[in-house]
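In what follows, a single structure is set out as structure tokens and then discussed.
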Amino acid sequence: VGDGTTTVVLLAGEFLKEAKPFVEDGVHPQNLIRSYRTACNLAIEKIKELAVSIEGKSLEEKKSLLAKCAATTLSSKLIGGEKEFFASMVVDAVIAIGSEDRLNMIGIKKVPGGNMRDSFLVNGVAFKKTFSYAGFEQQPKKFTNPRILLLNIELELKSEKENAEIRLSDPSQYQSIVDAEWNIIYDKLDKCVKSGAKVVLSRLAIGDLATQ
11 VGDGTTTVVL LAGEFLKEAK PFVEDGVHPQ NLIRSYRTAC NLAIEKIKEL AVSIEGKSLE
71 EKKSLLAKCA ATTLSSKLIG GEKEFFASMV VDAVIAIGSE DRLNMIGIKK VPGGNMRDSF
131 LVNGVAFKKT FSYAGFEQQP KKFTNPRILL LNIELELKSE KENAEIRLSD PSQYQSIVDA
191 EWNIIYDKLD KCVKSGAKVV LSRLAIGDLA TQ
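Rendered as structure tokens:
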């Protein structure tokens, strides 16, 4: 038995099977529903009596109990053969995000190759693959407690075509416009460097000039 999903379906089918003769004998379905609900409440009370609380337990005791719960769920899954390994990893991940219900903060990155025991927990932010740009092979693959710069602007050389109208009276003025566009991107990049950030993330495009 794993997490019990199949068991629940089988039990539900058996309950309906056992209820059918009563319906055929004229017992009103509402009476059967009330009886099932009464039985459910009794079962829940019994479960609460048998339940083991982790409140007041040491961290190691909590991890041990939670790992057993996780291992039970994993028993019927494809990774059941390594359930202790993954159960421990799952517990560490849940404990890392704290007592608040922030399970959406836990992500799983699937990378082809290796075996199941090559899996590991990153206590931080992980990207599935390195960003591809010229010279990325020489860049660090890991940062510890880096300063991160979060942007909502483009970091690429771009002609000012939107919200801009330029009228030239002399063709020689065109070069000054090109220089101004370069100065805009250089000014942005200079501020990024001066911020001391080791990681720069932006919702908008980061061009080749910025990455190099």
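According to the numbering used here, the sequence shown holds residues 11 to 222 in order. Ideal Cβ placement from N, Cα and C applies to all residues, glycine included.
Take the Cβ of residue i as the centre, count every other Cβ of all protein chains shown within 10 Å, and call the residue buried at 16 or more, exposed below.
i: residue 93; result: buried
i: residue 165; result: buried
So, for residue i: in the same chain, excluding its five sequence neighbours on each side, which residues have a beta-carbon less than 6 Å away from its beta-carbon?
i: residue 100; result: 80
i: residue 102; result: 131
i: residue 106; result: 133
i: residue 54; result: none
Within its chain, find whatever has a CB closer than 7 Å to the CB of residue i; leave out the 5 residues flanking it on each side and keep chain order.
i: residue 97; result: 77, 80, 81, 84
i: residue 160; result: 211
Measure the beta-carbon distance from residue i to residue j and round it to whole angstroms, keeping in mind my assumption that it falls under 8 Å.
i: residue 211; j: residue 163; result: Not quite, the Cβ-Cβ distance comes to about 12 Å (not below 8 Å), so this is no contact.
i: residue 32; j: residue 42; result: 6 Å
i: residue 137; j: residue 208; result: Actually they do not touch by this definition, with Cβ atoms about 14 Å apart.
i: residue 167; j: residue 191; result: 7 Å
i: residue 64; j: residue 72; result: 5 Å
i: residue 75; j: residue 62; result: 7 Å
i: residue 129; j: residue 13; result: Not confirmed; about 20 Å, so no contact.
i: residue 195; j: residue 187; result: No, residue 195 and residue 187 are not in contact; Cβ-Cβ is about 14 Å, not under 8 Å.
Can you tell me which residues form a DSSP beta bridge with residue i?
i: residue 165; result: 216
i: residue 100; result: DSSP lists no partner for residue 100.
i: residue 211; result: 160
With DSSP as the reference, label residue i as helix, strand or coil.
i: residue 176; result: coil
i: residue 158; result: strand
i: residue 26; result: helix
i: residue 37; result: coil
i: residue 112; result: coil
i: residue 148; result: helix
i: residue 88; result: coil
i: residue 122; result: coil
i: residue 135; result: coil
i: residue 65; result: coil
i: residue 32; result: helix
i: residue 129; result: coil
i: residue 205; result: coil
i: residue 95; result: helix
In chain order, what residues of the same chain have a beta carbon less than 8 Å from the beta carbon of residue i, not counting five sequence neighbours either side?
i: residue 89; result: 96, 126
i: residue 115; result: 107
i: residue 156; result: 207, 208, 209
i: residue 184; result: 178
i: residue 25; result: 46
Taking CB distances under 9 Å as the criterion, tell me whether residue i reaches chain C.
i: residue 148; result: The displayed structure is made up of one protein chain only, and chain C is not part of it.
Less than 8 Å separating the Cβ of residue i from some heavy atom of the ligand GTP?
i: residue 64; result: Absent from the structure shown: the ligand GTP. Ligands present: none.
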